[in-house]
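Presented below is the structure to which this report refers.
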Amino acid sequence: MDAVDKQILTIIQSGFPIASRPYAVVGEQIGITEDETLSRVTKLREDGVIRRIGANFGSRELGWKSTLCAAKVPEEKIDEFVAEVNKHKGVTHNYLRENEFNIWFTYIGTDLEDVENTLQSITDKTGIKVLNLPASFMFKIKVDFNMEDDKEED
Numbered sequence: 001m002d003a004v005d006k007q008i009l010t011i012i013q014s015g016f017p018i019a020s021r022p023y024a025v026v027g028e029q030i031g032i033t034e035d036e037t038l039s040r041v042t043k044l045r046e047d048g049v050i051r052r053i054g055a056n057f058g059s060r061e062l063g064w065k066s067t068l069c070a071a072k073v074p075e076e077k078i079d080e081f082v083a084e085v086n087k088h089k090g091v092t093h094n095y096l097r098e099n100e101f102n103i104w105f106t107y108i109g110t111d112l113e114d115v116e117n118t119l120q121s122i123t124d125k126t127g128i129k130v131l132n133l134p135a136s137f138m139f140k141i142k143v144d145f146n147m148e149d150d151k152e153e154d
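Note that the sequence shown covers residues 1 to 154 in the UniProt record's numbering.
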């Protein structure tokens with residue numbers, strides 16, 4: 001990554017323009033063309049630097065319900081269990097951990113009934129009980145990385 005890539009990343013991580021031509025707006029901010037901006041973003045995605053580009057919505061503010069989930073999954077069933085969990089659109093994170101509860105994921109549903117039904121469906125299809133751990137309090141920390149402060153790679 002060069003300094004221009006880092007400028008692009010600094011801008012788009014939380015300030016992605018809401019415009020009909022967002023890459024033109026970003027390019028204008030840093031002094032490159034729309035095509036170069038899009039080309040650089042495409043390369044950053046292909047290289048795995050950018051994982052996804054999309055909006056983050058406040059699910060709570062929209063009336064949706066979220067929960068943290070955990071499961072004790074035998075090693076030989078991990079792939080099957082993870083595949084089932086990942087079929088559900090409301091899954092936002094899914095992690096393997098070295099613990100008795102070795103699979104942890106978050107799920108967001110339209111309401112409590114949707115959350116409970118989805119978790120029960122996962123249990124029914126896999127035979128593995130899912131522990132439902134809804135938050136009592138929400139602590140949300142926003143993290144932005146100022147990529148321009150990093151030293152350029154040689």
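Every residue, glycine too, gets a C-beta built ideally from N, C-alpha and C. What you are looking at is a predicted structure, and each value in this text was computed from that prediction instead of being measured.
Query, Result
"Inter-residue spacing [alpha-carbon to alpha-carbon] between phenylalanine 81 and leucine 131", "14 Å"
"Given lysine 72 as reference, the closest of Trp64, Ala55, Tyr95, Gly54 once Cα atoms are compared", "Tyr95"
"Residues that glycine 109 bridges to, as DSSP identifies them", "Lys65"
"Assigned secondary structure, alanine 55 (DSSP; H/G/I helix, E/B strand, else coil)", "coil"
"Proximal residues to leucine 9 (C-beta, below 6 Å), its chain only, five neighbours per side dropped", "Met147"
"Coil, strand or helix - threonine 92 by DSSP", "strand"
"Nearest-angstrom Cβ-Cβ length linking leucine 90 and isoleucine 103, presumed shorter than 8 Å", "Just to set this straight, residue 90 is glycine in the shown sequence, not leucine. The Cβ separation is near 16 Å, so there is no contact."
"The alpha helix (DSSP H) enclosing valine 130, as first and last residue numbers", "Here valine 130 belongs to no alpha helix (DSSP H); instead the beta strand (DSSP E) covers 130-133."
"Coil, strand or helix - isoleucine 103 by DSSP", "strand"
"C-alpha gap between phenylalanine 105 and isoleucine 122, whole angstroms", "12 Å"
"Residue closest to proline 74, alpha-carbon to alpha-carbon, out of Gly127, Glu36, Gln29, Ala24", "Gly127"
"Cα-Cα separation, phenylalanine 137 to glutamate 36", "44 Å"
"Segment limits, alpha helix (DSSP H) that includes arginine 45", "34-46"
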